[in-house]
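Trainee:
Numbering (full-length UniProt numbering), first residue to last: 1 to 105.
1. My output table needs one value for residue 87: the three-state DSSP class, helix, strand or coil.
2. Between which two residues does the beta strand (DSSP E) containing residue 27 stretch?
3. Figure out for me which residue from 55, 16, 68, 78 has the closest Cα to the Cα of residue 46.
4. What span of residues does the beta strand (DSSP E) with residue 8 cover, start to end?
5. Determine which residues share a DSSP beta bridge with residue 40 and list them.
6. Report all residues from its chain with a CB closer than 7 Å to the CB of residue 91; omit the five preceding and five following residues, and keep chain order.
7. What does the alpha-carbon distance come out to for the pair residue 33 and residue 40?
8. Between which residues of its own chain and residue 66 is the CB-CB distance below 8 Å, once the five residues before and five after are set aside?
9. Mark residue 18 as exposed unless 16 or more other C-beta atoms lie within 10 angstroms of its C-beta, in which case mark it buried.
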């Protein structure tokens, strides 16, 4: 396990929000820890629109919610765990990401 700069633990099953890329603002679940810089996440795509992919931990914001899934769980297992925990509706809601521009006109 690694600790993010916000003192939140990066662990399998932790729910997070993507802050960069085309899926920015969408919630996902950490499925596996690849190394100290990358994790494998999934939405799953049928629920949040986030497909299973490798993500830099600097490009996600870790939330305080967690689901109980095994390492490397399939999308079906993640979806089932989210529904059992009552978090399916929470996962569908996108988060508004504030864009910070380097220059102010």
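Virtual Cβ for every residue (Gly too), placed ideally from N, Cα, C.
Mentor: Judging by the given coordinates:
1. coil
2. 27 to 33
3. 78
4. Per DSSP, residue 8 belongs to no beta strand (DSSP E) and is neither H nor E.
5. 32, 54
6. 27, 47, 48, 82
7. 6 Å
8. 11, 13, 14, 15
9. buried
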